[in-house]
Amino acid sequence: MDRIRFHSLSLAAMSTYNGPWNAQKVRQTFFDFFRDKNHSFVPSSPTVPFDDPTLLFANAGMNQFKPVFLDLEDVGRDSYHHTFFEMLGNWSFGDYFKEEAISYSWELLTKVYGLEKDRLYVTYFEGDEKNGLQPDIEAKQFWLSQGVAEDHILPGNAKDNFWEMGATGPCGPCSEIHYDRIGGRNAAHLVNQDDPDVLEIWNNVFIQFNREEDGSLRSLPAKHVDTGMGFERLVSVIQDKRSNYDTDIFTPIFDKVRELTGVRPYEGRFGADDADGIDTAYRVVADHVRTLTFALSDGGVPNNVGRGYVLRRILRRGARYARKKLGVTIGSFFSSLMPVVVETMGTTFPEITKRLDEIKEILDEEEESFSRTLDRGEKLFEQFAARAKEQGKTELNGKDVWRLYDTFGFPVDLTQLMAEELRLTINNQEFEEAQAQSKEASKASLKKGGSDLVKLDVHDLAALEKNSDVPKTDDSAKFNLGNIHATVKAIFHDKHFVDSTDAIPEDASFGIILDKTSFYAESGGQEYDTGNIVIDGVADFEVTNVQSYNGYVLHTGHLKYGHLRVNDEVVSSYDELRRWPLRNNHTATHILNYSLREVLGDHIDQKGSLVAPTKLRFDFSHKAQISLPELEKIENLSIDWIKRNVKVFSKELNLETASRIPGLRAVFGESYPDPVRVVTLEFDVEEIAKDIENPKWRNTSVEFCGGTHVAKTGDIKDFVVTEESGIAKGIRRIVAVTGHEAADVTRAAQALDEKLTSLDQASGKVKDAGLKAFTVELGQADISVLKKAQLKDRLATIRKAHDKAIKEREAQANKNAVEQLKQFFKDNEKEEAYITAVDVDGNAKILQALVSQAKQLSKSLYVFSVDPETSKVAHANFVSSSLKAKGGDARTWASKVTDILGGKAGGKEESAQGVGINDTKLDEALTAAKDYLSSL
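See below:
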């Protein structure tokens, strides 16, 4: 990923800077240099391009995503690979081209930064006969004119020296600048040879072609420049460091790593020279925390797909290095390093200073989640490695590697790293086969009905009641964090209890009952947990649904591998990353329930709810639609509870006692257990129990609830209502989102806001079409109800003003055109026809108004008008009775015009109209129209 700074334009002088070249000064000097050349500064683009779903991360100015993470294993092992790097760039959009770009590059590097000329090597495009491209001799000549020695100017092939953004689109030759860290030699033969001491630092791309759909190249009417210079590499050469990591870009992070871990200082060792792996760990951690800080600040979220999975891989790779090589107890390590990144880069990139608490929480949650499986996964890896060596093999079984990922979340590149430490490889073909088999098994299970097929009926429950070996499940651990050890008590398949899974088909869904569980069974509107029931290295049962039947918790799913038997000892491991948003949404539902009562009144009764990972839904009694001001109060009150970050308490109380708490929210008609679990905000349940009828308890949320909740309301982060509707007579429904989903809908609303602002600045048919499309898009958008209402109001205002302006312009244009026609015949009474082009933007209605006016005057007419946006030519005519008497026919007249303008025309003998497609021949069409009259 890179941060990109865009600039454009040209020329002026630059003074030489004095003093030491720290990283900040290098960056600022670049900005100042191009400002002095009349370039405009444009802030950095985000690393996470939400507006472009084809890109995982921004990795260049314009080109499509390239697999930059394929070399993830190289990061930290050498001096220059990074998952995150900063790019300094300048652009010209038609203002200047090769000569100026090359001149600026040479001036900045040699005169301003003071780099030795004989250490710099430049390349130019050598041509490509297959594609009919000539060598870029022009660029070579410009380098020669700067005084670059000819043996330092090297030809390069299309791979290195022809830039394209994809299969189609803008492209052109480029000219790279390389630097030799060693000096005192001719290093031309090492350019573009992946030598760590001869590295590319800047690339000038000359965008002069467009790659067409058929693969051909067409010259662009305006030529552009796109340059990019690697900031980390530039700083390293200016500071005369052999490695990017030896610069002050990274040393502050290294200092913090040492402070937190107590390990030895960073010594810059690589490969076998880094025997204890500590220097590699320094580099990995420093690089990865920069990536995570920026990507999360820009809205990225670690998860299992796309860019989210890349971020998870990076964090887990870094966490493993931190624990294995630096001795860190992971859980909050990366969030402890993040402030250093913010301190050193926040001035230039203020976006990373705005969501520190939220980013810390995301990092800690991810680290803590991985820490729970890291020990178990590493032990299992050691077993796999030992088995391979006992069998005399030098590679790990790919199926085992897949299990490490599937069960413990070990990305394959992390397992590969661990394998390389033991001089082992991975059988990738076996890995891919195991991955495919696992996916097919999951699909087959879902096709057969998956979890929905496995239920316990009254007969099954009676059989369990009679079996003293199967106690009712102790699910108290569901309120705690982490995994627990448990024992398999029953296996249920195809309406039978069986002793083992041996006879169960490979892809079949079945149920497991444990003596105790950490999984949450669906209840109280909260969705079930998912996760795994595992015997490490022996069996993995994927849990896809969890339901409770009269105290017996049935975990439904399918075996990924291995077999299970009754009385097996297993690990009950729910998916914490799914549970996390469930907790947020359940506590937010309590807050919403309280806010509804406060804003709408005590008559509000809960009629149903859903707590899912991606949203919450709450149904309640209320006779009228909630007004927007009321909804705003409800949302703001809910957000206020989150901002106050109060603690959330829970405790079981005697049902009769708990029922007397003032302000208690309970579902009417619901049967509650005795004792009942009470969940409160701000006030401890124990404190409430000591003064049960104190009216101040009405000032907080008090509910009977068996669900999982956050520790403090601030964990919810945000609250956005996305739907308010009626679902039955006297029943309303509110849907809301929290956390990352709230951030997503807020970002989507902001994008729509910006689009509408841009549309408001447009005009004509572009604006008209844009507003129509925006109306549809806004109607379908899943965003804040309040924001959608605001945008609809703005849209209506803009639409009204636009329509009014169109009508006024049209009326004025119509008036002007009619007056010009009248004036023509007033000034030329003897003229029989009015033939001209009128300035009405191709408006056919106005042309017909002119036809009507000519009819009133008993005069002939042929009028034309070009639509400047489509370049089409509207035209209409009228044949007066006197002209008709001479043999004039409107259709024939129009055909003479259509022969020239193209397009179509039609009408009757008296009047015809049409639309031509070749506006460049308008003058010819006018002449043809006049010639027709002369011919009669």
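With the numbering used here as the guide, the letters of the sequence shown map in order to residues 105 to 1040. Every residue gets a Cβ at the ideal spot worked out from N, C-alpha and C, and that includes glycine. Only a predicted model underlies this, so the values are computations on that prediction, with no experimental measurement involved.
Cβ separation of residue i and residue j, assumed to be a contact under 8 Å, to the nearest whole Å
i, j, result
"Val-226", "Trp-195", "With 8 Å as the limit, Val-226 and Trp-195 do not qualify as a contact, their Cβ atoms being about 20 Å apart."
"Lys-755", "Val-782", "6 Å"
"Ala-941", "Leu-1037", "That pair is no contact at about 16 Å."
"Ile-608", "His-597", "5 Å"
"Ile-281", "Trp-306", "4 Å"
"Lys-576", "Val-670", "With 8 Å as the limit, Lys-576 and Val-670 do not qualify as a contact, their Cβ atoms being about 16 Å apart."
"Gly-273", "Asn-314", "7 Å"
Buried or exposed by the 16-neighbour rule on C-beta atoms within 10 Å, applied to residue i
i, result
"Pro-777", "exposed"
"Thr-529", "exposed"
"Pro-124", "exposed"
"Gly-1020", "buried"
"Arg-748", "exposed"
"Lys-934", "exposed"
"Phe-110", "The predicted position of Phe-110 is uncertain, since its pLDDT is 38 and thus under 50; no value can be drawn from it."
"Asp-603", "exposed"
"Ile-286", "exposed"
"Thr-519", "buried"
"Pro-717", "buried"
"Ser-555", "Confidence at Ser-555 is low in this model, with a pLDDT of 47, below 50, so the placement of that residue is unreliable and no value is reported for it."
"Glu-680", "buried"
"Ile-108", "With a pLDDT of only 37 at Ile-108, under 50, the local geometry of the prediction cannot be trusted, and the value read off the model is given with reservation. Ile-108 is buried by the Cβ-count criterion."
"Gly-992", "buried"
"Lys-215", "exposed"
"Val-789", "buried"
"Val-172", "Residue confidence is low: Val-172 scores 33 on pLDDT, short of 50, so the model does not pin down where it sits. Its coordinate-derived value is still stated next. Buried, because 16 or more other Cβ atoms sit within 10 Å of the Cβ of Val-172."
Endpoints, the alpha helix (DSSP H) within which residue i is located
i, result
"Val-393", "382-401"
"Ala-71", "Residue 71 cannot be examined here, being either before or after the span of the chain that is shown, 105 to 1040."
"Thr-996", "994-1005"
"Trp-210", "202-210"
"Leu-478", "460-494"
"Lys-988", "985-989"
"Val-516", "516-525"
"Thr-577", "Neither: Thr-577 is in no alpha helix (DSSP H) and is coded neither H nor E."
Rounded separation between residue i and residue j - CA only
i, j, result
"Ile-708", "Ile-730", "12 Å"
"Lys-800", "Ile-765", "10 Å"
"Glu-268", "Asp-907", "42 Å"
"Lys-429", "Glu-536", "30 Å"
"Ile-206", "Arg-139", "17 Å"
"Val-562", "Val-638", "29 Å"
"Phe-488", "Asp-504", "7 Å"
"Lys-170", "Thr-187", "Interpretation of Lys-170 is limited by its pLDDT of 30, a score under 50 that renders its predicted location unreliable; the figure taken from the coordinates is listed afterwards. Computed Cα separation, rounded: 13 Å."
"Ala-885", "Arg-394", "33 Å"
"Leu-224", "Val-309", "18 Å"
"Thr-355", "Tyr-349", "7 Å"
"Tyr-656", "Val-642", "25 Å"
"Glu-472", "Gly-868", "56 Å"
"Lys-458", "Arg-131", "22 Å"
Residues that residue i bridges to, as DSSP identifies them
i, result
"Gln-297", "According to DSSP, which records beta bridges pairwise, Gln-297 is partnered with nothing at all."
"Gln-729", "None, per the DSSP bridge assignment."
"Ile-357", "According to DSSP, Ile-357 bridges with nothing at all."
"Gln-710", "Phe-724"
"Tyr-938", "Leu-965"
"Cys-275", "Glu-268, Phe-313"
"His-979", "Phe-968, Gly-1018"
"Arg-781", "Glu-756"
"Ala-594", "Ile-617"
"His-282", "Tyr-225, Glu-304"
"Ala-643", "Ile-639"
"Thr-929", "Before going further, note that residue 929 is Phe rather than Thr in the sequence given. In the DSSP output, where bridge partners are listed per residue, Phe-929 has none listed."
"Ser-347", "Looking at the DSSP assignment, Ser-347 forms no beta bridge with any residue, so it has no partner."
For residue i, the first and last residue of its enclosing beta strand (DSSP E)
i, result
"Gln-312", "302-315"
"Phe-601", "600-602"
"Thr-826", "823-832"
"Tyr-656", "656-665"
"Glu-702", "Premise fails: Glu-702 lies in the alpha helix (DSSP H), 680-704, not in any beta strand (DSSP E)."
8 Å Cβ cutoff, residue i in contact with chain D
i, result
"Val-849", "No chain D is present in this structure, which holds just one protein chain."
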